[in-house]
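Undergrad: Take this structure, written in structure tokens, and hold onto it; I'll ask about it next.
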Amino acid sequence: MLSGVKNATQKIREVLQKENPKYFIRADVKSFYKSISHGKLISDIKKYYDDPKLIVMLQNIIKNPIDSPYGYKNPDHGIALFRHTVSADTNGG
115 MLSGVKNATQ
125 KIREVLQKEN
135 PKYFIRADVK
145 SFYKSISHGK
155 LISDIKKYYD
165 DPKLIVMLQN
175 IIKNPIDSPY
185 GYKNPDHGIA
195 LFRHTVSADT
205 NGG
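Just add 114 to wherever you are in the sequence shown, counting from 1, and you've got the working numbering.
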């Protein structure tokens, strides 16, 4: 059985290979994720995967600023609402 991080990243890889357009949505349900350290989460992801493109994409998803009515925030903990379209071009174009 896969760990939570490994299972989630495996699912992301499957979606990236199959479907188009690609979207990621993250949501914090009543501050459920506010105690998650971004550094610890990224460190754990790097333990399981050595694909630089995947790691950069996940870092962008995790660390992207949070849009709120009060402006953008860049928290170092928590995962809040975020939607990102991923280009089918994996060469950065």
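Here a beta-carbon is modelled for each residue, glycine too, at the ideal position from N, C-alpha and C.
Computed from a prediction, not measured in an experiment: that's the story for all the values here.
1) How would you write the range of the alpha helix (DSSP H) that Ile159 sits in, first residue to last?
2) Here's a check: name, in chain order, each residue in its chain whose Cβ is nearer than 8 Å to the Cβ of Tyr162, leaving out the five neighbours to either side.
3) Work out the CA separation of Ile156 and Ser169 for me, nearest whole Å.
4) Rounded to whole angstroms, what is the Cα-Cα separation between Leu172 and Lys132?
5) Quick one: what does DSSP say Asn174 is sitting in, helix, strand or coil?
TA: To lay it out plainly:
1) Segment 152–162, the alpha helix (DSSP H) holding Ile159.
2) Shown here for Tyr162: same chain residues with a beta carbon closer than 8 Å to its own, the five before and five after excluded, namely Ser117, Val119, Lys120, Thr123 in chain order.
3) It should be pointed out that residue 169 corresponds to Ile in this sequence rather than to Ser. So the alpha carbons of these two residues sit roughly 8 Å apart.
4) Going from the Cα of Leu172 to the Cα of Lys132 covers about 18 Å.
5) Three-state result, Asn174: helix.
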